[in-house]
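Per my numbering, residue 91 is the first one in the sequence shown, and the count goes up by one each step.
Even glycine gets a Cβ: it sits at the ideal position worked out from N, Cα and C.
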Amino acid sequence: MVRLIVVTFLAATLAPGVYGDSGSKGAAGHGPLPEAVFPQLEEWLRHARDFSFPMIEAAFREEEADGEAMGRSARLYPSVSGHFRYVSRVEERDDLDGHRRSYQPQAGLTVRQPLYHWGSLRAGSRAGRIRSEIAGLNRAEAYRLLTLELRERFLELAVRGKELELAAEESVLAEREAERAEGLLERDEMGLTDVRERQLEARERRMRRERLEEEYRLAREAFSRLAGLEKNDAASFPTGIPSFAHTLPPDPLVIREHIRRTEGYRPHLASARKRVEEAESLREAERSRVRPRLNLVAGVTQDQVAVFDRGDIDRTVAFAGIEVTWDFFDGFEARGRRMAATARQRLEERRRDREEREWTADVDRNERSLIFRHRELLLAE
Numbered sequence: 091m092v093r094l095i096v097v098t099f100l101a102a103t104l105a106p107g108v109y110g111d112s113g114s115k116g117a118a119g120h121g122p123l124p125e126a127v128f129p130q131l132e133e134w135l136r137h138a139r140d141f142s143f144p145m146i147e148a149a150f151r152e153e154e155a156d157g158e159a160m161g162r163s164a165r166l167y168p169s170v171s172g173h174f175r176y177v178s179r180v181e182e183r184d185d186l187d188g189h190r191r192s193y194q195p196q197a198g199l200t201v202r203q204p205l206y207h208w209g210s211l212r213a214g215s216r217a218g219r220i221r222s223e224i225a226g227l228n229r230a231e232a233y234r235l236l237t238l239e240l241r242e243r244f245l246e247l248a249v250r251g252k253e254l255e256l257a258a259e260e261s262v263l264a265e266r267e268a269e270r271a272e273g274l275l276e277r278d279e280m281g282l283t284d285v286r287e288r289q290l291e292a293r294e295r296r297m298r299r300e301r302l303e304e305e306y307r308l309a310r311e312a313f314s315r316l317a318g319l320e321k322n323d324a325a326s327f328p329t330g331i332p333s334f335a336h337t338l339p340p341d342p343l344v345i346r347e348h349i350r351r352t353e354g355y356r357p358h359l360a361s362a363r364k365r366v367e368e369a370e371s372l373r374e375a376e377r378s379r380v381r382p383r384l385n386l387v388a389g390v391t392q393d394q395v396a397v398f399d400r401g402d403i404d405r406t407v408a409f410a411g412i413e414v415t416w417d418f419f420d421g422f423e424a425r426g427r428r429m430a431a432t433a434r435q436r437l438e439e440r441r442r443d444r445e446e447r448e449w450t451a452d453v454d455r456n457e458r459s460l461i462f463r464h465r466e467l468l469l470a471e
């Protein structure tokens, strides 16, 4: 029975396309998912989605990516900057004897709207949005992997619990057998060697039970930490293996069809393709670093002007117009950044191709694994 439940559940959870959303059916609608048989596992999965460290980390990374995307998009919109200075000025003039000291406030407010930057700002904004989408896909992939690991460990706990139950029964039986042998020894109906063997067997059974109890305790603690709990909740762990209906498709083509059909929903594949798009956008943004940039500017400044034979006169100036900025030479920084962006794009393309090849290999491996597990299930039955 123990082997039967492991084979059935692993076969149901190995197939792609299941990302933590619970349901009564597993791969291709065949075989129950573990949480359909163990209702307490459903609670663990929901708790892990919000409180486990991998999911908390993925949520923070997604929030960070959203903030970066917002920052990149903000470059497309108007920006407002201001300054204020209060300075002490010392003047030496031909029309005055000695030095002239004055204290002057200076202030300014400038509004700038980018007009034309060779598409670099829009490319940067697009790269930010793509990175945010990648973070969301990575979070989905993290939950998918976490769900699979929690299911596997929970099933191991169910098996360990059953082994511990059997070990406890065997220990009790061995203790009774040792007591019965001691009684037979007192009546000279059994030899001392046979009695010692039964006593030794009882001690071995007791030690095995204690070892399994410790392993079960450690496994529960590891599961609790993975699910995001600091302390164990013994009531939420499996106490036995219930009966359940199980069916697996005998035809491998059904399995392959389901796996192929879920290819587009694999977060890590979509993330790899998005990373290529992000690298392309960043490379496009780097191309215009040393090109002239056109902005619309408007603002107001205020300072003081020193006039001969008069005191300082306050001056306020408003301005509006077109601004052109051009970094003619930046010490080859732009060339280096373009080289880095090109290398990154090529690297992401290689990673995408590699993950797609590994995906194909995983499909074949999972297909063969499910076939063998189905045969094991039939043999176990």
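### Task
Going by DSSP, name the residue or residues bridged to residue 412.
For the purposes of this step, residue 412 is taken as the residue at position 322 of the sequence shown. Partner(s): 386.
#### Entry: N- and C-terminal bounds of the alpha helix (DSSP H) containing residue 381
Within the sequence shown, the letter at position 291 stands for residue 381. That residue, residue 381, is in no alpha helix (DSSP H); it is neither H nor E in DSSP.
### Query
residue 199 bridges to which residues according to DSSP?
Counted from its first residue, the sequence shown places residue 199 at position 109. For residue 199, which the question treats as bridged, DSSP gives the partners 172 and 390.
#### Entry: At least three beta-carbon pairs within less than 8 Å, the segment 218-232 to the segment 165-180
no
### Query
Who are residue 432's beta bridge partners in DSSP?
On the sequence shown, residue 432 is found 342 positions in, with the first residue counted as 1. Partner(s): none; residue 432 has no beta bridge.
### Query
Among 250, 378 and 243, which one has its Cα closest to the Cα of residue 427?
Start at 1 with the first residue of the sequence shown, and residue 427 comes out as number 337. The shortest Cα separation from residue 427 among 250, 378 and 243 belongs to 378.
### Query
Would DSSP call residue 218 helix, strand or coil?
As a position in the sequence shown, residue 218 is number 128, starting the count at 1. Helix at residue 218.
#### Entry: Proximal residues to residue 369 (C-beta, below 6 Å), its chain only, five neighbours per side dropped
Translated into positions along the sequence shown, residue 369 becomes position 279. Taken in chain order, the residues that qualify are 434, 435 and 438.
#### Entry: Reference residue 234, options 388, 381, 366 and 357, closest by Cα
Taking the first residue of the sequence shown as position 1, residue 234 is located at position 144. For residue 234, the nearest C-alpha among the options comes from 357.
### Query
Can you give the Cα-Cα distance for residue 208 and residue 247, rounded to whole angstroms?
Taking the first residue of the sequence shown as 1, we reach residue 208 at position 118. Taking the first residue of the sequence shown as 1, we reach residue 247 at position 157. So the alpha carbons of these two residues sit roughly 60 Å apart.
### Message
Checking 9 Å against the spacing of the C-beta atoms, do residue 291 and residue 268 come in under that value?
### Response
Along the sequence shown, read from residue 1 onward, the residue named residue 291 stands at position 201. Along the sequence shown, read from residue 1 onward, the residue named residue 268 stands at position 178. Yes.
### residue 308 burial status per 10 Å Cβ neighbour count (16 or more: buried)
Position 218 of the sequence shown, counting from 1, holds the residue named residue 308. Exposed: under 16 other Cβ atoms inside 10 Å.
### Task
Report the residue ranges of all alpha helix (DSSP H) runs contained in full by the segment 117-160; include only those spanning at least 4 residues, in chain order.
124-127 and 129-141
### Task
Tell me where the alpha helix (DSSP H) around residue 284 begins and ends.
Taking the first residue of the sequence shown as position 1, residue 284 is located at position 194. Start and end: 282-317.
#### Entry: Exposure of residue 464, with buried meaning 16 or more beta-carbon neighbours within 10 Å
Along the sequence shown, one-based indexing puts residue 464 at 374. Residue 464 comes out buried.
### Message
If you reduce the DSSP assignment to three classes, tell me which class residue 192 lands in.
### Response
Reading the sequence shown from its first residue, position 102 is the one you call residue 192. The answer is strand: DSSP assigns residue 192 an E or B state.
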